[in-house]
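In the UniProt record's numbering, the protein residues as written are 1 to 529.
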């Protein structure tokens, strides 16, 4: 196998070595253990969770992995496979699924070699997609299955992951948490993961999944092939029309009927607490679409000007509930169509919001941070040439003096000027763009103002030329009037700059103690209390 910068960057984080023949390989003792497991429990004696945890420890020793597993991980494996799983399911798991997963792991070196051969021409090879490095990794679902089997067997080296700001990747904490502080929701997270492995052992999927680090550059060079980080003046002067806004008081983002970019309310470390005790929006998505976990292997934490977009992750599990009420409810058959790269048309964008921002969320610095974070995620950077033209046009000073719209300025703009503005921003085939499916991003546990966060996402989606936002309120009481407010704003024919300036005025008053109501009531005092 030819050396490559891509392989060199990821190799310290893989459990494989390069042999004298320049080929990837497992250590011989690991091969022996996997071959024994592949022949079934009569050969390997791996017939229960307790023995599986011993086999895992032995393989880790053969890999010279010095970092210990989470202390209670062996007890967690034993608890799940020997007590929580039914006897029939456990026998089937160890007799049929463990041998197939062992075979899949034996093929990991060859799967990686084929991957690098196939990706050489396109630059989509597996590598560390480091901070401030926009790029894409394209993996087959079979290779992802092998990588996640490494996670199940806790075979990834982790000693230097912290230095690279990489998330957790082995499953030891997932199982340890099950034993240390048992909850039904944690058990059902594990059931989702086991469902995934059972499904790929029954029939290996043949598609692919892409992982992209997106970036708004902090440097401004005219020759760069990606977009620059916008400052307040950019948003103030934008004349992009606001996109359509659809409100759903019930339903889930992942069940959105029309193709859309689905928002993951992310931690800056991709996956958040998915492999620990977390069980809210991001963690649930990673359980029902486990292929998302593969990105945790090679995607370090996100900076303020970064987002991560994942296309093609298949859904394997159905569920009910949320947080402590989360329950696995059986197989889910994903019927979404695939694109030319073999990716399912499921587009997920991970954007991390400010955590516990309190009053600072109304400061301009942090309004910019949140708006640009969403903008980075919502941009389709493959349409760079169109965005570059918009950035150039939007950098031209459009107004002298105040840019506040009618509500604040007390002035009116003529319909003729408004139509001229809208025409100048018109792009052909805009209806072919994919919209945004989102909800209460940065609210809940993160503590953001849901009314402000709603407006921020609308601004970002509109500026990114998305045709619509489908907003799922999850029944949040603070957003009961969302549909009424967004309809009123659309009737005013405000553009992005108008709404941004209104938001800035409200936030300034909020900081000065002059606004003691939410944004919606401030904007429309006639709203029912």
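Heads up, the beta-carbon is just placed ideally off N, CA and C, and yes, glycines get one too.
For a test of the three-state rule: what should DSSP assign to residue i, helix, strand or coil?
i           : result
residue 14  : coil
residue 271 : coil
residue 455 : helix
residue 492 : coil
residue 467 : coil
residue 263 : strand
residue 374 : helix
residue 285 : helix
residue 31  : helix
residue 241 : strand
residue 328 : strand
residue 356 : coil
residue 256 : coil
residue 438 : strand
residue 341 : coil
residue 369 : helix
residue 5   : helix
residue 233 : helix
residue 480 : coil
residue 513 : coil
residue 380 : coil
residue 346 : coil
residue 406 : Low local confidence applies: a pLDDT of 46 at residue 406 is under 50, so the model's placement there is unreliable, with the coordinate-based value given in what follows. Helix, per DSSP.
residue 119 : helix
residue 114 : helix
residue 307 : strand
residue 318 : strand
residue 228 : strand
residue 280 : coil
residue 433 : coil
What does a CB cutoff of less than 8 Å around residue i pick up in its chain, not counting 5 residues either side in sequence?
i           : result
residue 400 : Annotation note: pLDDT 33 at residue 400 (below 50); position unreliable, coordinate value reported separately. Hits under 8 Å: none found.
residue 511 : 359, 362, 363
residue 122 : 138
residue 285 : 254, 264, 292, 348
residue 327 : 184, 185, 188, 319, 320, 321
residue 475 : 249, 250
residue 447 : 355, 356, 357, 358
residue 5   : 127
residue 519 : 449, 451, 452, 455, 503, 506
Go through its chain and collect everything with a Cβ distance to residue i's Cβ below 7 Å, but skip five positions before and after it.
i           : result
residue 15  : 63, 150, 155, 156, 157
residue 443 : 450, 453
residue 147 : 294, 297
residue 41  : 47, 94, 95
residue 10  : 126, 127, 128, 298
residue 422 : In this predicted model, residue 422 has a pLDDT of only 41, less than 50, meaning its place in the structure is not dependable; the value taken from the coordinates is given anyway. Excluding residues within five positions, the ones whose Cβ falls inside 7 Å are 241.
residue 100 : 201
residue 45  : 51
residue 272 : 266, 278, 282, 283
residue 256 : 262, 437, 470
residue 133 : 213
residue 25  : 16, 17, 19, 109
Rounded C-beta distance between residue i and residue j? I'm assuming under 8 Å.
i           : j           : result
residue 469 : residue 243 : 6 Å
residue 168 : residue 43  : 32 Å between Cβ atoms; not a contact.
residue 274 : residue 209 : In fact, because the Cβ distance is near 16 Å, the residues do not count as touching under 8 Å.
residue 218 : residue 229 : 5 Å
residue 342 : residue 207 : 4 Å
residue 287 : residue 193 : 7 Å
Who are the Cβ neighbours of residue i in its own chain at under 6 Å, not counting the five residues just before and after it?
i           : result
residue 212 : 136, 309
residue 377 : 307, 349, 351
residue 532 : Missing from the structure shown is residue 532; the chain here goes from 1 to 529 and no further.
residue 159 : 67
residue 462 : 240, 242, 243, 496
residue 90  : 81
residue 77  : 49, 52, 53, 175
residue 478 : 450
residue 268 : 301, 302, 352
I want to check one thing, is the minimum distance from the CB of residue i to the heavy atoms of the ligand NAP below 7 Å?
i           : result
residue 294 : Absence of the ligand NAP is noted for the structure shown, with no ligands found whatsoever.
Quiz item: Okay, do the segment 197–215 and the segment 94–109 touch, 3+ Cβ pairs below 8 Å being the bar?
Solution: Contact between the segment 197–215 and the segment 94–109 is present, because at least three Cβ pairs lie under 8 Å.
Quiz item: Contact between the segment 33–52 and the segment 76–91: three or more CB pairs below 8 Å?
Solution: In short, these stretches touch, since the Cβ pair count reaches three.
Exercise. Could you say if the segment 331–350 and the segment 301–321 meet the contact criterion of at least three C-beta pairs nearer than 8 Å?
Key: With a cut-off of 8 Å, the segment 301–321 and the segment 331–350 count as touching, because enough Cβ pairs lie within range.
Quiz prompt | Within the segment 40–107, ranges of the alpha helix (DSSP H) (whole runs, at least 4 residues) | solution = Whole alpha helix (DSSP H) segments, 4+ residues: 41–44, 49–62, 73–79, 87–92, 98–106.
Quiz item: In the segment 156–216, which residue ranges form an unbroken beta strand (DSSP E) of at least 3 residues, counting only runs that do not cross its ends?
Solution: For the segment 156–216, the continuous beta strand (DSSP E) assignments of 3+ residues that do not extend past its boundaries occur at 208–215, in sequence order.
Quiz item: Counting Cβ pairs closer than 8 Å, one from the segment 293–307 and one from the segment 363–375, do we hit at least three?
Solution: Three or more Cβ pairs closer than 8 Å define a contact, and the segment 293–307 meets that threshold against the segment 363–375.
Quiz item: How do the segment 57–76 and the segment 113–127 stand: do at least 3 beta-carbon pairs fall below 8 Å, yes or no?
Solution: With a cut-off of 8 Å, the segment 113–127 and the segment 57–76 do not count as touching, because too few Cβ pairs lie within range.
Quiz item: With a cut-off of 8 Å, do at least 3 Cβ pairs link the segment 476–491 to the segment 244–252?
Solution: Between the segment 476–491 and the segment 244–252, the count of Cβ pairs shorter than 8 Å is three or higher; the stretches touch.
Exercise. Kindly confirm or deny that the segment 230–241 and the segment 491–500 touch, where touching means at least three C-beta pairs closer than 8 Å.
Key: The segment 230–241, when compared against the segment 491–500, does touch it at the 8 Å Cβ threshold.
Quiz prompt | beta strand (DSSP E) runs contained entirely in the segment 122–150, provided each spans 3 or more residues | solution = Runs of the beta strand (DSSP E) inside the segment 122–150: 135–140.
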